[in-house]
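In the numbering used here, the protein residues as written are 7 to 75. Worksheet: the structure to be examined is printed underneath.
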Amino acid sequence: MAAAVLIQNLQKRYGDVHAVKDISLQVEPGQIFGLLGPNGAGKTTTIRCLCTLTAPDAGKIEVSGISVL
């Protein structure tokens, strides 16, 4: 069974600023997860990429085995 959410080597830059730098995670079906971190850690940018609101510069994102990129 495919992972519910799969993010591999996600990267997003805004000019010289690395908003997300090489994040990878895998959430299996039925799991509950959260993103925790300080302001500016890239939590919102990661979710925006997952929801296709922002295009990542590099990496792979799949939901239920289907690429969202």
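Beta carbons are placed, not taken as given, at the ideal position from N, Cα and C, and that holds for glycine. Predicted model, so just to flag it, every value in this text is computed and none were measured.
Enumerate in chain order the residues of its own chain whose CB-to-CB distance from residue i is below 8 angstroms, with the five nearest sequence positions on each side excluded.
{"i": "Pro62", "result": "Leu16, Gln17, Lys18, Val26, Cys55, Leu75"}
{"i": "Thr60", "result": "Lys18, Thr51, Arg54"}
Could you tell me the distance, in whole angstroms, from the CA atom of residue i to the CA atom of residue j?
{"i": "Phe39", "j": "Val33", "result": "7 angstroms"}
{"i": "Gly36", "j": "Gly21", "result": "37 angstroms"}
{"i": "Ile67", "j": "Ala10", "result": "11 angstroms"}
{"i": "Gly71", "j": "Ala8", "result": "5 angstroms"}
{"i": "Gly65", "j": "Leu41", "result": "18 angstroms"}
Using only alpha-carbon positions, find the residue among the options that is nearest to residue i.
{"i": "Gln14", "options": "Ile29, Ala47, Lys49", "result": "Ile29"}
{"i": "Gly46", "options": "Val23, Ala10, Val11", "result": "Val23"}
Give the DSSP bridge partners of residue i, in chain order.
{"i": "Glu68", "result": "Leu12, Ser73"}
{"i": "Arg19", "result": "His24"}
Between residue i and the rest of its own chain, which residues show a CB-CB distance below 6 angstroms, the 5 nearest in sequence each way excluded?
{"i": "Thr58", "result": "Val74"}
What does the Cβ neighbour count give for residue i, buried or exposed, with the cut at 16 atoms within 10 Å?
{"i": "Gly43", "result": "exposed"}
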